[in-house]
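Note sheet for the following structure.
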Amino acid sequence: MLKNVFKKLDRLVCQYLGLNEKQVRPDVIEVVNGQIVISSTESYKRHAHKQGWEEFKVSELQQISQTDREKLGVAMGKVIAKKLIISFDEPRVIRED
Amino acid sequence: MSSIQIALEQLIEEKSRRDQTSFTSSQLAAALSMPRSIITRLIHPNPSKRVTNPRIDTLLKIVEFFRADGFNITVDDLLGTKAIDVQQQFLDANLQQNKIPLFSFEAALSQAVGNIEIKLNTKSKNIFALVDDEDMLPMFKKGSIFVVDKELEPEDDTLVAVKFPKEKKIRIKKFHIQGHKRILTSFDAQEKPIVLLPTLHCEIVGVVIQVNAKT
Chain A
1 MLKNVFKKLD
11 RLVCQYLGLN
21 EKQVRPDVIE
31 VVNGQIVISS
41 TESYKRHAHK
51 QGWEEFKVSE
61 LQQISQTDRE
71 KLGVAMGKVI
81 AKKLIISFDE
91 PRVIRED
Chain B
98 MSSIQIALEQ
108 LIEEKSRRDQ
118 TSFTSSQLAA
128 ALSMPRSIIT
138 RLIHPNPSKR
148 VTNPRIDTLL
158 KIVEFFRADG
168 FNITVDDLLG
178 TKAIDVQQQF
188 LDANLQQNKI
198 PLFSFEAALS
208 QAVGNIEIKL
218 NTKSKNIFAL
228 VDDEDMLPMF
238 KKGSIFVVDK
248 ELEPEDDTLV
258 AVKFPKEKKI
268 RIKKFHIQGH
278 KRILTSFDAQ
288 EKPIVLLPTL
298 HCEIVGVVIQ
308 VNAKT
């Protein structure tokens with residue numbers, strides 16, 4: 001209840017000040033205990049929050065800009081292995097029947 | 098294979114080679130004044146018996162010992178922690194659309210299942226793609242596409258496509274160089290590392306240069 005009120009207030013203040021809505025930017029990527037962890041920053045917030053790859057993929061990956069997705073792929077490749085790039089593009093597959 | 102295990106084994110081996118005298122995990126434990134079992138459990142070949150979350154004071158003692166002995170290592174090196182700043186990455190402006198043959202992991206390279214049109218930055222003419230027909234946990238979902246360059250020589254820390262004898266299927270492994278040893282590890286820490294011996298007859302088909310990850 002209180003959370004919703006704050007959310008509305010946040011939106012009204014942002015609208016009044018001409019600020020954009022929440023925007024997540026992936027900041028640092030690392031491997032912790034064999035799992036990929038991404039630290040992201042949010043607009044107008046000073047702290048970064050950490051998410052595992054599985055969680056990030058579901059909640060944030062579709063929301064971030066194309067440039068950030070590409071940069072994330074380059075960084076992700078580097079933490080996984082040398083000379084590796086990760087892409088989130090779906091290539092066109094032409095199957096032979 | 099955990100990063101601590103790899104890093105520690107590598108350090109012990111490098112020390113032996115540099116000093117031209119055998120240095121063992123027992124000697125390391127004695128030098129650190131700690132029970133031998135602590136070091137043994139850090140590098141145990143059996144994943145179920147291996148400790149992957151050691152105490153910080155154990156790590157600090159190991160790092161201090163090797164630093165005092167002239168090795169330039171940090172706790173992060175031992176833990177294999179590699180943090181990359183996402184916003185500092187440069188995007189490749191030379192990506193070009195390529196049409197390359199697509200194979201399935203299952204059927205190995207016997208017959209292409211089709212072709213893919215994919216953006217890549219490579220001049221190699223010897224590339225192909227593999228489509229994953231099952232999840233490769235914890236990193237890649239079913240349907241991810243692995244682009245393999247047959248011309249690249251595998252280096253330490255590269256991903257490689259490997260064909261094992263008597264197996265039709267191609268597997269993706271991480272390639273490590275530890276002194277004279279060549280080792281293959283899996284994303285799955287429970288799988289035992291494979292030391293490449295001439296008697297094993299496995300074939301490294303190429304180096305994975307791109308993964309189009311299915312999300």
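From first to last, the protein sequence lines stand for chains A and B. Mapping of the first sequence onto our numbering: residues 1 to 97, in sequence order. Mapping of the second sequence onto our numbering: residues 98 to 312, in sequence order. Positions of the beta carbon are idealized from the N, C-alpha and C atoms, including for glycine. Please read these numbers as outputs of a predicted model, since none were measured by experiment.
Could you spell out where the alpha helix (DSSP H) holding residue 98(A) opens and where it closes?
This structure gives no information on residue 98(A), because the portion of chain A shown stretches from 1 to 97.
Of all the CB atoms in chain B, is at least one closer than 8 Å to the CB of residue 146(A)?
Because chain A here runs from 1 to 97, residue 146(A) falls outside it and cannot be looked at.
Would you say residue 35(A) faces chain B, with C-beta separation under 8 Å as the test?
As a first step, residue 35(A) is located in the first sequence; it is residue number 35 there, counting from the start. Taking Cβ atoms only, chain B reaches closer than 8 Å to residue 35(A), which makes this a yes.
Residue 128(B) and residue 162(B) - do their beta-carbons sit closer together than 8 Å?
The residue given as residue 162(B) occupies position 65 in the second sequence. The residue given as residue 128(B) occupies position 31 in the second sequence. Result yes, Cβ atoms of residue 162(B) and residue 128(B) sit closer than 8 Å.
Report the residues of the stretch 247-275 of chain B with a CB closer than 8 Å to any CB of chain A, ordered along the chain.
249, 252, 253, 254, 255, 256 and 271
For residue 203(B) and residue 230(B), believed in contact at Cβ under 8 Å, the rounded distance:
Here residue 230(B) corresponds to residue number 133 of the second sequence, with the count starting at 1. Here residue 203(B) corresponds to residue number 106 of the second sequence, with the count starting at 1. Residue 230(B) to residue 203(B), Cβ: 6 Å. Contact.
Any idea if residue 255(B) is buried or exposed, counting beta-carbon neighbours within 10 angstroms, 16 or more meaning buried?
Counted from its first residue, the second sequence places residue 255(B) at position 158. Flag for residue 255(B) reads buried.
Is there a Cβ from chain A that is less than 8 Å from the Cβ of residue 303(B)?
As a working note, residue 303(B) is residue 206 in the second sequence. Answer no: the Cβ-Cβ gap between residue 303(B) and chain A never drops below 8 Å.
Closer than 7 Å by beta-carbon distance: list the chain A residues that pair up with residue 215(B), in chain order.
Position 118 of the second sequence, counted from the start, is the residue given in the question as residue 215(B). Neighbours of residue 215(B) on chain A, chain order: 91.
Hey, does residue 71(A) have any beta-carbon neighbour from chain B nearer than 8 Å?
Indexing the first sequence from 1 puts residue 71(A) at position 71. Closer than 8 Å: yes.
C-beta atoms of residue 13(A) and residue 199(B) nearer than 8 Å
As a position in the first sequence, residue 13(A) is number 13, starting the count at 1. As a position in the second sequence, residue 199(B) is number 102, starting the count at 1. No; because the gap between Cβ atoms is not below 8 Å, this pair is not in contact.
Of all Cβ atoms in chain B, is any one closer than 8 Å to the Cβ of residue 28(A)?
The residue you call residue 28(A) lines up with position 28 of the first sequence. Yes, residue 28(A) lies at the interface with chain B (some Cβ there is under 8 Å from its Cβ).
In chain B, which residues lie less than 9 Å from residue 50(A) when you measure between Cβ atoms?
One-based indexing of the first sequence puts residue 50(A) at position 50. Within 9 Å Cβ-Cβ: nothing; residue 50(A) doesn't reach chain B, min ~11 Å.
Given that residue 182(B) touches chain A, what residues does it touch there, using C-beta distances under 8 Å?
Taking the second sequence and counting its residues from 1, one reaches residue 182(B) at position 85. Result: 27, 28 and 75.
From residue 145(B) to residue 265(B), what distance separates their C-alpha atoms?
One-based indexing of the second sequence puts residue 145(B) at position 48. One-based indexing of the second sequence puts residue 265(B) at position 168. Answer to the nearest angstrom: the Cα atoms are 29 Å apart.
Within the same chain, show all residues whose beta-carbon is closer than 8 Å to that of residue 306(B), passing over the 5 residues directly before and after it, in chain order.
In the second sequence, counting from the first residue as 1, residue 306(B) sits at position 209. If we look at residue 306(B) and ignore the five residues flanking it on each side, its Cβ neighbours are 217, 219, 224, 244, 245, 246 and 249.
Quick one: list the residues of chain B neighbouring residue 79(A), beta-carbon separation under 7 Å, in chain order.
Reading the first sequence from its first residue, position 79 is the one you call residue 79(A). Chain B residues near residue 79(A): 179 and 181.
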